[in-house]
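What follows is one structure encoded as structure tokens, with my remarks underneath.
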Amino acid sequence: MASTSTIETVMPLDTTNEATPSAETLRAHEDKLRRREATLRIVVPVVIVAALLLVWEWMVRANDIPHYILPAPSLILRTLFDNWGSLSGALWFTVKLTLLALGAAIVGGVLLAIAFALFKWVEIGLFPIAVILQVTPIIAIAPLILIYVSSTTAALLLCAWIVAFFPILSNTVIGLKSADSNLRDLFQLYKASPWQTFRYLLAPSALPYFMAGLKIAGGLSLIGAVVAEFTAGTAGKETGLASRILESSFRTEIPMMFAALLLVSLLGIVIFIVFAALSRLVLGHWHESEMRRER
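Numbering (full-length UniProt numbering), first residue to last: 1 to 295.
Structure representation (structure tokens):
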């Protein structure tokens with residue numbers, strides 16, 4: 001009797017998971033999320049500010065608040081356009097003063113930070129003086145500077161420089177000292193010159209700290225310029241936005257005060273946005289802080 005054998009055919013298992021997305025799908029999803037986040041970063045603040053302005057406008061009109069107490073946003077914008085000839089000149093003066101002070105702070109802060117990092121005795125001797133300049137309110141130093149410096153513009157520039165100088169100095173010093181000690185030993189082992197050590201090790205280590213200090217110093221230089229001009233009480237054609245605010249307060253022109261204050265705020269926002277974009281451009285491809293922001 002012939003035996004019959006049953007041969008069971010086992011189908012091979014499909015090990016491919018159809019639910020697993022491809023690399024292209026993941027990249028497309030990440031790009032979509034990144035675009036959505038970038039859109040929200042713009043849309044949400046704009047919507048909130050617009051809502052606050054609408055509430056402000058409604059409150060002024062509903063309660064019939066006089067313009068010399070609280071002007072409506074529409075009146076502030078109309079005043080800004082009507083007096084643009086005067087305000088634009090003051091804005092340009094403040095921009096020049098702020099950028100000159102910031103440029104001087106960058107040059108002085110970076111050079112002194114390098115000296116601090118290379119020569120310990122320089123840091124021991126000069127760093128306490130820098131700290132004193134930082135912790136002393138500029139409103140207290142400005143009158144003395146205006147007495148001892150004959151040129152008002154130079155005095156204003158010096159006041160703004162003092163405020164912006166320390167963040168550049170301190171952040172750059174920290175960055176220069178944060179270089180990996182093992183890499184320092186490696187550079188010494190291969191007998192790298194001081195310039196090679198600075199260029200390929202110290203400068204890249206300090207760059208993220210410098211960019212952080214630059215974003216801080218940009219706003220502080222504007223604050224220093226405005227505070228110094230308030231203290232000086234200058235008037236005339238070649239003056240900045242702070243002088244326009246003072247003149248308007250003396251004449252009780254409240255809409256003009258708000259218009260000048262609006263320009264100061266917008267200038268500060270532009271400075272921060274520019275330096276934040278510069279930081280992303282410089283650090284975005286290699287430093288973790290800006291790479292996280294891109295993801």
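We treat Cβ as the ideally placed atom computed from N, Cα and C, and that holds for glycine.
Treat the numbers as computed from the prediction; the structure is a model and nothing was measured.
Residue burial classification, residue i (beta-carbon count within 10 angstroms, cutoff 16)
i: Y209; result: buried
i: S151; result: exposed
i: A51; result: exposed
i: S248; result: buried
i: I245; result: buried
i: M211; result: buried
i: K215; result: buried
i: M59; result: exposed
i: A154; result: exposed
i: F275; result: buried
i: V49; result: exposed
i: L186; result: exposed
i: F119; result: exposed
i: V163; result: buried
i: S279; result: buried
i: W84; result: exposed
Straight-line Cα distance separating residue j from residue i
i: V55; j: L87; result: 27 Å
i: D64; j: F250; result: 24 Å
i: H67; j: S265; result: 21 Å
i: G268; j: V107; result: 21 Å
i: L207; j: T172; result: 8 Å
i: L222; j: V43; result: 27 Å
i: V282; j: F116; result: 24 Å
i: F127; j: S170; result: 9 Å
i: A142; j: V226; result: 11 Å
i: R34; j: I273; result: 19 Å
i: A90; j: S243; result: 8 Å
i: I132; j: G109; result: 15 Å
Where residue i sits in the DSSP three-state scheme
i: H29; result: helix
i: L52; result: helix
i: Y68; result: coil
i: N171; result: helix
i: P137; result: coil
i: M11; result: Residue placement at M11 is flagged as unreliable, the pLDDT there being 48, under the threshold of 50; a coordinate-derived value is accordingly withheld.
i: R295; result: Bear in mind that the predicted position of R295 carries a pLDDT of just 45, short of 50, making it too unreliable to give a figure here.
i: G89; result: helix
i: S205; result: helix
i: K191; result: coil
i: F127; result: helix
i: F119; result: coil
i: G284; result: coil
Residue from the options with nearest C-alpha to residue i
i: K96; options: A259, G224, Y68 and K177; result: G224
i: L183; options: S170, F198 and L169; result: F198
i: L263; options: L112, G109 and T79; result: T79
i: L112; options: P167, I69, T153 and F81; result: P167
i: L176; options: A203, I48, G219 and F272; result: A203
i: residue 332; options: L40, T172 and Q134; result: Outside the shown range of the chain (1 to 295) lies residue 332, about which nothing can therefore be said.
i: residue 333; options: A105, L40, P128 and D82; result: Residue 333 lies beyond the range of the chain shown here (1 to 295); nothing can be said about it.
i: E57; options: A164, T98, L186 and L70; result: L70
i: D180; options: G284, S22, L201 and L40; result: L201
Cβ-heavy atom distance, residue i to the ligand COA, below 7 Å
i: L75; result: In the structure on display, the ligand COA does not appear, and there are no ligands present to speak of.
**Message:** Extract the residue ranges of the beta strand (DSSP E) inside the stretch 210-278, only unbroken runs of 3 or more that lie entirely within it.
**Reply:** none
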